[in-house]
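Enquirer: Provided herewith is a single structure, encoded as structure tokens, for subsequent inquiry.
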Amino acid sequence: MNQPSEKSLKRMRTYVQKYWEKTGTSPHPDKEVTEAVVMGLAANIDEVGRPLCPCNFYPDKKAELERSREWVCACDEMKQWKYCHCLLFVAPDGSPITEHLPEDHEGRQIYGLVKDPTPDKGREARFKVEGESDE
Ligand code: SF4
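Taking this note's numbering, the leading residue of the sequence shown gets 94, the next gets one more, and so forth.
Have a look at this one:
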């Protein structure tokens, strides 16, 4: 991975800080985990103009963005279920929150049930999965 530009790094650091606050999630206790994800997101801004999730493989990143915004951070899984498989937005002990995931989602199978410590925050797209109105 190329070293991302300072401009994109700054943009991502600001975004991530605000999104922790907005969603009531925490940084991973190992700072290197956070740093690696932020670097990957910033590198994708430089490469394709959007912070595409760095923890997935895309055969063609531009084609992925044309297909969908699903994996632009914060991704649909985060907005709907508060689940971040990159471990960028997590519970205080560093576990990804799995409480809101469907039971057959791989996150539940890998990590078991991890409760959401701040269920009143985040999940701005929960209406998409729960049929709630966003009005
Ligand atoms: S899993 Fe989602 S919220 Fe987490 S870093 Fe990737 S795009 Fe962002």
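We put the CB at the ideal spot given by N, CA and C, even for glycine. Since we're looking at a predicted model, the values are computed, not measured.
Report whether the distance from the Cβ of E170 to the nearest heavy atom of the ligand SF4 is below 7 Å.
Expert: Numbered from 1 along the sequence shown, position 77 holds the residue referred to as residue 170. It does: the Cβ of E170 is within 7 Å (strictly closer) of some heavy atom of the ligand SF4.
Enquirer: Near Q96, what residues of its chain come up, given a Cβ to Cβ distance below 7 Å and the 5 sequence neighbours on each side ignored?
Expert: The residue given as residue 96 occupies position 3 in the sequence shown. Result list for Q96: empty, nothing under 7 Å.
Enquirer: Where does N149 land, buried or exposed, given buried means 16+ other C-beta within 10 angstroms?
Expert: To locate residue 149, count along the sequence shown from 1; it is residue 56. Its Cβ having fewer than 16 others within 10 Å, N149 is exposed.
Enquirer: For K115 and A136, I'd like the C-alpha separation in whole angstroms.
Expert: Position 22 of the sequence shown, counting from 1, holds the residue named residue 115. Position 43 of the sequence shown, counting from 1, holds the residue named residue 136. The alpha-carbon atoms of K115 and A136 are separated by roughly 24 Å.
Enquirer: Does the structure place the region 197-207 close enough to the region 148-163 that three or more beta carbon pairs sit under 8 Å?
Expert: At 8 Å Cβ cutoff, the stretches do not touch.
Enquirer: Find out if the Cβ-Cβ distance for the pair C166, L134 is shorter than 8 Å.
Expert: Walking along the sequence shown from the start, residue 166 turns up at place 73. Walking along the sequence shown from the start, residue 134 turns up at place 41. Closer than 8 Å, so yes.
Enquirer: What's the C-alpha gap between Q110 and P144?
Expert: Here residue 110 refers to the residue found at position 17 of the sequence shown. Here residue 144 refers to the residue found at position 51 of the sequence shown. Their backbone Cα atoms lie some 15 Å apart in a straight line.
Enquirer: Using three-state DSSP, classify L145 as helix, strand or coil.
Expert: Within the sequence shown, residue 145 is the residue found at index 52, counting from 1. Three-state result, L145: strand.
Enquirer: Compare the C-alpha of D209 against each of P122, H193, P147, R219 and name the closest.
Expert: Working through the sequence shown from its first residue, we reach residue 209 at position 116. Nearest option by C-alpha distance: H193.
Enquirer: Classify K175: buried if its beta carbon has 16 or more other beta carbons within 10 angstroms, exposed otherwise.
Expert: On the sequence shown, residue 175 is found 82 positions in, with the first residue counted as 1. Label assigned to K175: buried.
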